[in-house]
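What follows is one structure encoded as structure tokens, with my remarks underneath.
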Amino acid sequence: MSLLAEQRRDMIVETVRSRGAVRVSELAEGLGVSEMTVRRDLDVLARRRLIDKVHGGATAVGEPEERSTEEPGFSAKVTRELAEKDAIAAAAVDLVKPGAAVGLSAGTTTWRLAHRLTSVPRLTVVTNSLAVADVLHTDGDPGTTVILTGGSRTPSEALVGPVAVAALRSLNLDVVFLGVHGMSAATGFTTPNLTERETDRALVEAGQKLVVLADHTKWGIVGISTIAELAEADVLVTDDGLGPDEQAVLSGEVDRLIVAAVPEVPDE
Numbered sequence: 029m030s031l032l033a034e035q036r037r038d039m040i041v042e043t044v045r046s047r048g049a050v051r052v053s054e055l056a057e058g059l060g061v062s063e064m065t066v067r068r069d070l071d072v073l074a075r076r077r078l079i080d081k082v083h084g085g086a087t088a089v090g091e092p093e094e095r096s097t098e099e100p101g102f103s104a105k106v107t108r109e110l111a112e113k114d115a116i117a118a119a120a121v122d123l124v125k126p127g128a129a130v131g132l133s134a135g136t137t138t139w140r141l142a143h144r145l146t147s148v149p150r151l152t153v154v155t156n157s158l159a160v161a162d163v164l165h166t167d168g169d170p171g172t173t174v175i176l177t178g179g180s181r182t183p184s185e186a187l188v189g190p191v192a193v194a195a196l197r198s199l200n201l202d203v204v205f206l207g208v209h210g211m212s213a214a215t216g217f218t219t220p221n222l223t224e225r226e227t228d229r230a231l232v233e234a235g236q237k238l239v240v241l242a243d244h245t246k247w248g249i250v251g252i253s254t255i256a257e258l259a260e261a262d263v264l265v266t267d268d269g270l271g272p273d274e275q276a277v278l279s280g281e282v283d284r285l286i287v288a289a290v291p292e293v294p295d296e
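Using the numbering used here, the letters of the sequence shown map in sequence onto residues 29 to 296.
Right, dumping it as structure tokens:
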């Protein structure tokens with residue numbers, strides 16, 4: 029007899045707490061379900077702060093609940109949900125036409141998109157991200173122009189503040205890709221940095237089309253400041269780790285929801 033989802037998740041939490049850490053493959057074998065089912069359960073439990081999800085498995089919770097002003101550094105976030113971010117970037121690059129004027133906010137998901145944009149010719153890319161600018165300047169098409177705003181540097185490698193805002197307010201972009209710290213039905217797309225919010229807002233207003241890039245772990249996370257309401261997004265690109273209920277909520281708010289399939293990666 030198969031377990032109900034909540035019974036299965038209770039067993040996962042008990043196993044993780046008793047052992048300290050456990051692999052996805054071990055949980056799948058012990059529960060008699062697929063590894064994808066286990067990963068989805070871990071996502072739910074991680075959002076509830078009952079376990080910490082790590083590559084290939086889960087560990088017992090060690091840190092207090094993430095606060096609305098907590099801002100992890102770029103290096104701390106760059107390896108999180110890497111497969112999901114790559115899948116999102118692969119789907120998002122199809123929204124960019126050669127010769128377009130494109131805005132990219134700071135963030136590790138937009139950074140993954142920047143790697144994809146290196147193959148799109150004759151772009152003009154405006155960004156407040158040092159990491160994004162470096163990728164496009166180093167590996168981009170020879171006909172691509174990269175414009176980096178000035179500003180003060182944040183832990184997420186973003187340039188923010190009045191200099192960045194002033195530069196962005198003078199521009200007209202075809203499409204803006206926005207990475208976010210969190211998203212929810214009540215608070216929209218949010219950031220933990222008040223100054224970065226002002227810069228991101230200026231970037232949003234500079235674009236004719238807004239595309240938000242957010243992997244499934246961003247759902248239910250609330251930063252201190254709202255950048256944009258859900259309904260302001262013309263397109264939201266996420267991954268298939270997002271549950272059907274959450275997808276239904278987002279589909280009712282954004283003009284278009286793109287759910288990128290994440291390839292299965294065998295555990296090492």
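Glycine included, C-beta positions come from ideal geometry on N, C-alpha and C.
Just so it is clear, the structure is predicted and the values come from calculations on it, not from any experiment.
Under 8 Å, do L151 and V121 count as touching if we go by C-beta distance? With contacts defined by Cβ atoms closer than 8 Å, L151 and V121 do not form a contacting pair.
Could you give the first and the last residue of the continuous alpha helix (DSSP H) run that contains D38? Counted as a single uninterrupted DSSP element, the alpha helix (DSSP H) harbouring D38 occupies residues A33 to R47.
For a test of your reading of the model: does the CB of V121 fall under 7 Å from any non-hydrogen atom of the ligand HEM? Yes or no. Because no ligand of any kind appears in the structure shown, any question about the ligand HEM cannot be addressed here.
Below-8 Å beta-carbon distance, S147 vs any chain D residue: The chain inventory of the structure shown lacks chain D, comprising one protein chain alone.
Beta-carbon proximity of G210 to K237, cut-off 8 Å: G210 places its beta carbon 8 Å or farther from that of K237.
Top-ranked residue by Cα proximity to D114, from V282, D267, L278 and A161: Closest in alpha carbon position to D114, among V282, D267, L278 and A161, is D267.
Would you check if the distance between the CB atom of V163 and the CB atom of T146 is smaller than 8 Å? Against a cut-off of 8 Å, the Cβ pair of T146 and V163 comes out as a contact.
DSSP state of G58 mapped onto helix, strand, coil: Of the three classes helix, strand and coil, the one that applies to G58 here is helix, per DSSP.
How far does the alpha helix (DSSP H) with K113 in it extend, from its first residue to its last? For K113, the enclosing alpha helix (DSSP H) has its first and last residue at L110 to A120.
Validate contact between the region 278 to 294 and the region 241 to 261 using beta carbons, cut 8 Å, 3 pairs: Look at the beta carbons and you see the region 278 to 294 touching the region 241 to 261: at least three pairs across the two are nearer than 8 Å.
As assigned by DSSP and simplified to three states, the class of L78: Note: L78 maps to coil in three-state DSSP.
What does a CB cutoff of less than 8 Å around V66 pick up in its chain, not counting 5 residues either side in sequence? Non-local beta-carbon contacts of V66 in its own chain, meaning distances under 8 Å to residues more than five positions away in sequence, involve I40, V52, L55, A56 and L59 in chain order.
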